[in-house]
Amino acid sequence: MANVKTDQWATKLGVILAVSGSAVGLGNFLRFPGQAAANGGGAFLIPYFCALLFLGIPIGWAEWTMARYGGRKGFHSGPAIMGVVGRGRLSRYLGILSVLIPLAVSFYYTFVEAWCLGYTWHFLVNGGIGIDPAATYTEQAATSSNFFTNFIGASANGAIFDSSLETLLFWLIVFAVNLYLIYRGLSRGIERFCSIAMPLMAICAVIVLIRALTLPANPEFPERNVVNGLGSMWNPDFSALLNAQTWLAAAGQIFFSLSVGFGVILNYASYLRRKDDIALSGLTSAATNEVFEVGFGGLITLTSAFVFLGAVGTLEAVKTGTFGLGFQTLPVIFAQMGPLGRYIGAIFFFMLFLAAITSSISMYQPTLAFLQESLGISRVPAITMIVVICLIGSGSVMYFSENAQFMSVIDDWVGTLLIFVLAAVQIVCFSWIWGIDRGWRELHSGSRIQIPRLYRFIMKYVAPTYLLVVFGFFCFNNLAKWVADIGESVNRQLAIGLIVVVMAFLAFCAFLGEQRWRAQGLDLDGEELLDT
Amino acid sequence: MKPEGWAFMIVSLAFVWGLAGWCYWKILTAPEAEGNETEPS
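So the sequence lines, in the order shown, correspond to chains A and B.
Following this note's numbering, the numbering of the first sequence begins with 2 at its first residue and continues without gaps.
Following this note's numbering, the numbering of the second sequence begins with 147 at its first residue and continues without gaps.
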């Protein structure tokens, strides 16, 4: 591409760790155990692994394949790659979602990242968030809840700008670190950072896991011990398998956890070379994510909660959701761990911070590539544009903070609903427009493994059908309420307005890019075939 | 924890750790593919 210097991954592990880092997030440690405990315990793992094998991994392979092919055509942005593989303007403009999703999610994700860093700081420097372990549980829970509410400014719009500005400072730090890493480039910034952060995250997880599994039984309630804590997560309730909600929850968890349909793989894998492996790399990234989710998340969170809260308290904690469990319940548990609690808490929140930052840097890179490609500008002006957009986006999330409604609208409509849409577009383009025969050949070009031929059938029929069924149930369960909620809150309406404005801006950039690419004689509609 | 709970936990952990271990073993032991030239755009 004119004016755009092509970046590349420096090592074969680089892209795997970067994609894994993008996939591993707070949900691995906080959302997964909650979903499992609420949907059949160990039995939840049956629909969960079905979704992994028939939905997550095949769509991921499709994304890796399309991205590397698009990269060979000289494109690294989702809209351009989707235009090539989907052969036309409709796919190209639907591909805007692959930029919108990571960009809009970054608006609130860096804010959450700032919470993780802030909690790490408080546990390390202040010994916690002011919870008195001698107080009653109700008082401790109230202290934790108040701290969290004040820290994220949930009491009123603009609250975090009125008080100590502490949260804002943490956000500025994480935003600056993110920008520095993407400014450094793919190999010197993202790859090098993930190569350090991912092993470090694993070390933190092992330390917290060892502490969780060696917690002494509660002297007042001997039944509250580690083994029973594991039981609260893993004891199977087979009747849950007869409930459609269980299968829906499992598919949703896999889907969002693996970062498929998010736009990041579409960008990251486009920097691979012609004969770089993608089949094994895609599988390895998914497997790494599963280690953090099932191997660590499935053992740490609920086990710790059970020892201190018991069965009923743990279920109540799960009902408070991902943020409630992580930022309100777990600090109470760390406060009970004695002198070591502050360090375990600091390590736990630092681990969450690493999980968050390896995800957030992946959210800027697709936008960076898209702005460079579509507008023909270099890295610095493109990053400047990202800074302006994110100051408006993240600034809005932080200012309109009352009850976190603004944030939850972006999470629901972009971070959840549009991911389904983009994944559906991707698997249909791959299997039906581009063609499963060509896609299969391209997937195996340079591959270090032979994927069972059964996956041709799965990628063409099973995955799209599975996805559409899950998407249908998902819309049936949520859409009417989401639409009704918009009418009841100005914050929610403003969030929808922001999403529309960003989408219109990206569509305009895509329009300009289309003119440029056509003028340069690039094959933007995928009419010329490359040998595989 | 019930015996079925232990069974689900052990099988699940063995699956994810086994899959990840096998993948990284393949990645780290396989030779680099040839013909990795970047096409002009």
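Don't be surprised by glycine CBs; every beta carbon is placed ideally from N, CA and C.
C-beta neighbour in chain B for residue i, strict 9 Å
i	result
LEU259 of chain A	no
GLY42 of chain A	yes
ALA288 of chain A	yes
MET202 of chain A	no
PRO237 of chain A	yes
ILE17 of chain A	yes
LEU303 of chain A	no
SER188 of chain A	no
VAL292 of chain A	yes
SER282 of chain A	yes
PHE30 of chain A	no
GLY57 of chain A	no
GLY35 of chain A	no
PHE50 of chain A	yes
GLY299 of chain A	yes
Cross-chain neighbours of residue i in chain A, by beta carbon under 7 Å
i	result
ALA176 of chain B	ARG449
Closer than 9 Å at the beta carbon, the chain A residues around residue i
i	result
TRP171 of chain B	What TRP171 of chain B touches in chain A: nothing, since even the nearest Cβ is about 10 Å away.
Assigned secondary structure, residue i (DSSP; H/G/I helix, E/B strand, else coil)
i	result
PRO186 of chain B	Model confidence at PRO186 of chain B stands at a pLDDT of 37, short of 50, so the residue's coordinates are unreliable; what they give is reported in the following sentence. Three-state DSSP puts PRO186 of chain B in coil, outside helix and strand.
PRO453 of chain A	coil
ILE156 of chain B	helix
ARG439 of chain A	helix
GLN521 of chain A	coil
LEU513 of chain A	helix
PRO59 of chain A	helix
ARG73 of chain A	helix
ILE130 of chain A	coil
THR1 of chain A	The requested residue 1 of chain A does not occur in the structure, where chain A is confined to residues 2 to 533.
GLN494 of chain A	helix
GLU192 of chain A	helix
VAL25 of chain A	coil
ASP413 of chain A	helix
MET2 of chain A	Legend: pLDDT at MET2 of chain A = 47, less than 50; position of this residue unreliable, no value from coordinates given.
ILE487 of chain A	helix
ASP163 of chain A	helix
GLU291 of chain A	helix
Short CB-CB distance (under 9 Å) between residue i and chain C
i	result
ASP278 of chain A	Absent from the structure is chain C; the protein chains it does hold are A and B.
9 Å Cβ cutoff met for residue i and residue j
i	j	result
ASN236 of chain A	PRO367 of chain A	no
ARG493 of chain A	VAL410 of chain A	yes
ARG225 of chain A	PHE309 of chain A	yes
VAL209 of chain A	PHE297 of chain A	yes
GLY264 of chain A	SER395 of chain A	no
ILE487 of chain A	ILE500 of chain A	no
ASP278 of chain A	SER448 of chain A	yes
TRP596 of chain A	GLY283 of chain A	Chain A is shown only over 2 to 533; residue 596 of chain A falls outside these bounds and no answer can be derived.
PHE293 of chain A	ALA206 of chain A	yes
MET202 of chain A	VAL25 of chain A	yes
ASN290 of chain A	SER258 of chain A	yes
MET504 of chain A	ALA63 of chain A	no
ALA464 of chain A	LEU165 of chain B	no
GLN516 of chain A	ILE60 of chain A	no
Residues that residue i contacts on chain B, provided the C-beta gap is smaller than 8 Å
i	result
GLY232 of chain A	MET147, LYS148, GLY151
Close-in-space but distant-in-sequence residues of the same chain around residue i (CB under 6 Å, 5 per side omitted)
i	result
CYS117 of chain A	PHE350, LEU353, PHE354, ALA357
PRO134 of chain A	ALA336, GLN337
SER286 of chain A	ILE17, VAL20, SER21
PHE474 of chain A	LEU249
ASN40 of chain A	ALA241, THR247, ALA250
SER363 of chain A	SER23, VAL265
ARG535 of chain A	Within the shown structure, residues of chain A are numbered from 2 to 533, placing residue 535 of chain A beyond reach of any answer.
Beta-carbon contacts of residue i that lie in its chain and below 7 Å, excluding the five residues immediately before and after
i	result
HIS77 of chain A	ASN268, SER271, TYR272, ALA370, GLU374
TYR109 of chain A	VAL398, MET408, ILE411, ASP412
VAL333 of chain A	ILE132, GLN141, ALA142, SER145
ALA3 of chain A	With a pLDDT of 42 at ALA3 of chain A, under the threshold of 50, the modelled position of this residue cannot be trusted; read the value that follows with caution. Once the five neighbours on either side are set aside, the close Cβ partners of ALA3 of chain A are GLY377, GLN521.
ALA115 of chain A	THR168, PHE171, TRP172, VAL175
Cβ-based neighbour list, residue i, same chain, cut-off 8 Å, excluding 5 preceding and 5 following
i	result
GLY325 of chain A	ALA318
SER490 of chain A	GLN406
ILE255 of chain A	TYR49, ALA52, LEU53, LEU56, GLY57
LEU14 of chain A	SER196
VAL86 of chain A	MET67, TYR70, GLY71, SER92, CYS430, PHE431, ILE434, TRP435, GLY527
Under 7 Å from the C-beta of residue i: neighbouring residues of chain B
i	result
THR285 of chain A	CYS169, TYR170, ILE173
GLY296 of chain A	LEU159, VAL162, TRP163
LEU46 of chain A	PHE154, SER158
Within chain B, the residues that residue i reaches when beta carbons sit closer than 9 Å
i	result
ASN229 of chain A	MET147
Near the ligand HEM: residue i beta-carbon under 8 Å from a heavy atom
i	result
SER490 of chain A	Looking at this structure, you won't find the ligand HEM or any other ligand, since it has none at all.
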